[in-house]
């Protein structure tokens, strides 16, 4: 059927769009497998072939989404959208949104971006290992140049600022003006709160050392056990190893990763819990909309709220750590007071300035994010070049956390985001933390036995609540609408502040 | 640039074709990763999403290859092909060949085939494990129906028989009439030869038991060590586990698999050597033609000749086993006469009827293949239905090898080929064995020190010879032209017969 024939009525136009977006979703699934494989399995010498494969699929997806007939089909379907049900209408709106993002970027730029992202990310892996920022900088500059081209094109199309145009791709309808307010708010109370928490921890009992080594095979088996407790279904997913933990794959084949350190099991285990939160969200998305835009996850702030709900809110709760402690003692052969729930909890709640974002505690974490947010805004504005990044980074770290990294590997090269082309992503980590606190408080209110259940390793009340109030919503509402519907209030800092004060100052 | 503008001259038409086939090659690489992942990594619950992904990529590749402008571009490029160099002319001929195969299959059938292949192959995995052929049969019948549709369409287009039309997709220019002659020849001397070898082995010294268990981790480490000896580059490939050993991925990211049995290391190790032969072929293809049709491997007979050159000819040679034996003793802690090179060799040269093709010795192996060749020809002709396959299989086994499988799991369900839609593939195993014998005899003649080098774990003379005479040829010539150029004679049974007689009767 030609596009013109379909235009004759909106039902067939919408049906044609559904077919096309189904194909796009399957293509996206293939891209997810290639991405996961590159980070977990691919030998280094496969990089160039993989870059070709990924660029080709990106280009095909882009062409499929931006083909001339799609705009007409959308317009035609919209003309009589009132005849559609709620979900279909929301689906059509998402189609328009994705189409608008895609058509804003010129086709040739899509291919160049994909290749430059692959190249810069692979280079980052070796440059970080060698602590050789100078080797990365020129390629990073090239990548930033292409991202800025993309931002300018999108800004033009949407009537947004360059940075907001990128942000909207990660967190729909989010604007930096709102973030500025929330982040200013955090900065108004966090430094003082941090000081009070540190003072209190200093005055408290000393942490007893938990001695390793903790064999990697044991950590891995424990990770799988905890994933199962959290409701992860291994018939629909895997756990593997990568440089940077992430959740990849597709909802019915969810691939999470972690990394192991023989001297410390705590970090890897929490990474597993964190990624399981992401994975449960994907698995809980509305199954009847699997291959349609409205069935997708609703941006990175909501995604991060789900991982942090499991990691920070439930995973580090006194109740869950009390449940976990006997299992830790058993698998690692731990004995004595160092292996008490209180002592283990003290490791999971240790607060203080540190260099590495992914290892930061939840009190200082927002300060890491705010620094990155400011730096990436400057890079997108053209006010900060890759060569000047280390100095700006180190100055920012000194100002906000009072420490300076000894090298770039533990400084501006620590994260995969910029080398892989993700600009506008970082703020969603802290927005997600705010949302997680707000959602957890609402969940506890709605399900009074929820915390006690965690103490018995029973996540079902929490999972049922988030399935109902977040996961099953897919992309039917905006992120803020989901948060308002679930918690009765717009996204703010109050619940997060209450959470920090209760956990670190009142207990 | 529009197709019409390109048509104006053949240089730009050919350049446009090269771009298109480059994209197709990258798409094929993505498909190879999805296929490898499905067989090695994917959790069972991911099957349905993966089938969608694979069907989508198949469809896109098919559309890219069969787009209306491609035929015009090929015709236009051919009109002045004399201006092209040898390799480019061969490349253009390959483009025409691939285009002819693709356009012969209707687009909607491509999608249905891909889905049915995925479905049947996944079902086969569980049905074989449960020895439940009845569960597989209806889906296998559906698949055969679709394959027959495809065969009929291709037969029409090429003026070939249905079976030959399928065969040509695996082994270009091969015809069943030629295979019939070669296989009749094999059947004329193999049964008698088999009897003589068995009589001789019966009269010889008894095999001493080599007792395990052989830890899987040790077998895996040994496999990697042997791969390195054979010239496998781990910066460009991996070794993993699958139900059925195979070589996947792309030339610069070559993924081989094996499977392990704690009670027996010999089979897994030879599978590794076999797959390394396949992988070296891919890696040795002409690098300047990586993404073009002429740079691809030249069909499955040549491919199998390369794996069998390493497995059957070099890998089971007395010289190499003598080199390998001290390493086997060291890694498995073996001692005494059971761990002598002679005794180990006796395991690698044990001849006699057996049920499982991939475990069969090289003397009986052709009989397994000839049975499958006859059965699949009958299935394609419509003379044999899936429900009648077990009876036909068992009758054939009884007739050619004198044994009957106790169940379908070790009978007609043992191989992945039919459930994954590969009909016309099986004969290439035995054609490859004939070619391997012929190539090895030519290589030894051309490089007199070759066998002695194998005795020192030095594969470089063999590798150099096959790189020069086979790998570097890509798809510039037909399989038979490659064999004639490398060995001075067309493919026949004489070298294979000489090889069998020398190894099993003269030694």
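Protein chains in written order, with our numbering: chain X, 1 to 507; chain Y, 508 to 1014.
Glycine included, C-beta positions come from ideal geometry on N, C-alpha and C.
Q: Could you tell me which residues DSSP pairs with residue 254(X) in its beta bridges?
A: 237(X), 249(X)
Q. Does DSSP classify residue 261(X) as helix, strand or coil?
A. strand
Q) Which residue comes first and which comes last in the alpha helix (DSSP H) that contains residue 429(X)? A) 427 to 446
Q. So with Cβ pairs under 8 Å, would you call residue 981(Y) a contact of chain X?
A. no
Q) Which value, in whole angstroms, describes the spacing of the CA atoms of residue 663(Y) and residue 609(Y)? A) 13 Å
Q.
Using 8 Å as the threshold, is the C-beta distance between residue 285(X) and residue 474(X) below it?
A. yes
Q: Could you check the C-alpha separation between residue 862(Y) and residue 572(Y) for me, to the nearest Å?
A: 41 Å
Q) What residues of chain X sit near residue 863(Y), judged by a beta carbon separation below 8 Å? A) Correct list: empty, because the minimum Cβ distance to chain X is about 29 Å.
Q: Pull out every residue of the stretch 528 to 545 of chain Y whose Cβ sits closer than 7 Å to any Cβ of chain X, in chain order.
A: 530, 533, 534, 536, 537, 540, 541, 544
Q: Report buried or exposed for residue 202(X), applying the criterion of at least 16 other Cβ atoms within 10 angstroms of its Cβ.
A: exposed
Q | C-beta neighbour in chain X for residue 509(Y), strict 8 Å | A | Residue placement at residue 509(Y) is poorly supported in this model, since its pLDDT is 44, which falls under 50; the coordinates still yield a value, given next. Answer no: the Cβ-Cβ gap between residue 509(Y) and chain X never drops below 8 Å.
**Q.** Span separating the alpha-carbon of residue 307(X) from that of residue 273(X)
**A.** 8 Å
Q.
Within a Cβ cutoff of 6 Å, which residues of the same chain sit near residue 128(X), ignoring the five residues on either side of it in sequence?
A. 409, 413
Q) Between residue 692(Y) and the rest of its own chain, which residues show a CB-CB distance below 7 Å, the 5 nearest in sequence each way excluded? A) 1000
Q: Could you please give the first and the last residue of the uninterrupted alpha helix (DSSP H) stretch that includes residue 630(Y)?
A: 614 to 636
Q.
Taking 8 Å as the threshold (C-beta atoms), are residue 29(X) and residue 250(X) in contact?
A. yes
Q) Between the stretch 416 to 436 of chain X and the stretch 164 to 174 of chain X, are three or more C-beta pairs nearer than 8 Å? A) yes
(Q) Please tell me whether residue 279(X) and residue 247(X) are closer than 8 Å, where the distance is taken between their beta carbons. (A) yes
Q. If you measure from the beta carbon of residue 564(Y) to each beta carbon in chain X, is any gap under 8 Å?
A. yes
Q: In the DSSP assignment, find the alpha helix (DSSP H) that holds residue 906(Y) and state where it starts and stops.
A: 896 to 908
Q: For chain X, find out if any of its Cβ atoms is closer than 8 Å to the Cβ of residue 549(Y); answer yes or no.
A: yes
Q) Beta-carbon of residue 179(X) versus every beta-carbon of chain Y: anything under 8 Å? A) no
Q) In three-state DSSP terms, what is residue 458(X)? A) coil
Q: May I have the straight-line CA-CA distance separating residue 657(Y) from residue 927(Y), to the nearest angstrom?
A: 15 Å
Q: Measure the C-alpha to C-alpha separation of residue 331(X) and residue 264(X) and round it to an integer number of angstroms.
A: 14 Å
Q. What residues in the stretch 730 to 757 of chain Y have a beta carbon less than 9 Å from any beta carbon of chain X?
A. 740, 741, 742, 743, 744, 745, 747, 756, 757
Q: Find out if the Cβ-Cβ distance for the pair residue 775(Y), residue 788(Y) is shorter than 8 Å.
A: no
Q: Can you tell me the Cβ-Cβ gap for residue 887(Y) and residue 669(Y), rounded? I've got them flagged as a contact below 8 Å.
A: 5 Å
Q: Quick one: residues in its chain with C-beta nearer than 8 Å to the C-beta of residue 707(Y), no 5 flanking neighbours on either side, listed in chain order?
A: 1011, 1012
Q) From residue 992(Y) to residue 825(Y), what distance separates their C-alpha atoms? A) 28 Å
**Q.** chain X residues whose Cβ lies nearer than 9 Å to that of residue 552(Y)
**A.** 233, 234, 235, 236, 237, 252, 253
Q: Determine the extent of the alpha helix (DSSP H) in which residue 709(Y) is found, giving its start and end residues.
A: 683 to 710
Q | Nearest residue (CA-CA) to residue 43(X), options 998(Y), 882(Y), 654(Y), 761(Y) | A | 761(Y)
Q.
Using beta carbons (cut-off 8 Å, strictly below), is residue 49(X) in contact with chain Y?
A. yes
Q: Please classify residue 291(X): does DSSP put it in a helix, a strand, or coil?
A: coil
Q: Starting from residue 827(Y), trace the alpha helix (DSSP H) both ways and give me its first and last residue.
A: 825 to 839
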